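Visitor: The opening position of the sequence shown corresponds to residue 1 in the UniProt record's numbering, with each subsequent residue numbered one higher.
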Amino acid sequence: MGMEEDLNENDLSLRAMAVAAKGIMGAAEKDRKAAEQAITRLADLERRVEQSLQQVPTALRASTAQIAESVASQAAKLLVSKFEEADVAALNAARKYQAASDSLKRRFWLTIVAIHLGVVLPLALLFFFAVPSTDEIAKRKQEIATLEHNIAELKRLGGGVEIEECDGSLCVRTREIPGEKPYHDKATEKKTYRLVWTK
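(1) Mind checking which residues open and close the alpha helix (DSSP H) that includes L147?
(2) Taking K77 as the reference, which of R41, Q98 and D102 has the closest Cα?
(3) Is M17 closer than 7 Å to Y97 when the C-beta atoms are compared?
(4) Would you check if the distance between the CB atom of A20 and the CB atom of A86 is smaller than 7 Å?
(5) By the three-class DSSP mapping on this structure, what secondary structure does V119 have?
(6) Are the beta-carbon atoms belonging to A89 and A27 less than 7 Å from one another?
(7) Thinking R95 and E9 are a contact (beta carbons under 8 Å), I'd like their distance in whole angstroms, please.
(8) Where does V131 sit, in a helix, a strand or coil, going by DSSP?
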C-alpha cells in the first residue's frame, strides 16, 4: 500500500513537472507568435507609411518621419509588453517545475529513510538480540563444562544406578556374581551391602 502511494505521489510530481514544462513551451510559443504579429504589423505599417509618403507633398515629409518614429515607438512598446507577459508565464512555469522537483526529491529521501527503518533497523536489532556476545558464549561453555563434570561425578558416586519399583517399594539393581558374598556392617553385622550394578 505504501509503495502504491509513493508511486502515485511520484506520478503526480512527474505530471506537475510535465505541466510546468508544457507551460514554459506554451509561453515561448506565445512569445514567438506575439513577435510574428508585431513584425507583421510593423511591415503593414511600413507599407502604409510608404504609400502615405508618396501621396504627401514634399513639404510634409519631415513631419511624416516623426509620425513613422512615433508608430515605431508604439510598436516597440507593444513588443516589450508581449515579451514581459511571456516572461511572467515562463517564470510561473519554472516555479511550478522547481516545486515539483523539490517534492520528488523529498519523497525519494523519505523512501530511503523508510527502507532503512523497515529493513536495516530490524536486522540490526535481530543481530543485537539474537546473536550472543563472546562473554555469553564463554559463560555458556563454562556452564557446560561444569555440568559435564557434575555428570561424571554423579556417575562415579552411583548416578548410573537402576532403580525400579518392586512390590510398591523402590529397589536397586545389584551386581550378583556367583560366589561373591555380600558386605556386612563391621560394627553391628546387621547391615548388608552389595555392589551396585552400573551401566
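Glycine residues also receive a C-beta, built at the ideal position from the N, C-alpha and C atoms. Please read these numbers as outputs of a predicted model, since none were measured by experiment.
Guide: Quick look at the numbers:
(1) T134 to R156
(2) R41
(3) yes
(4) no
(5) helix
(6) yes
(7) Actually they do not touch by this definition, with Cβ atoms about 20 Å apart.
(8) coil
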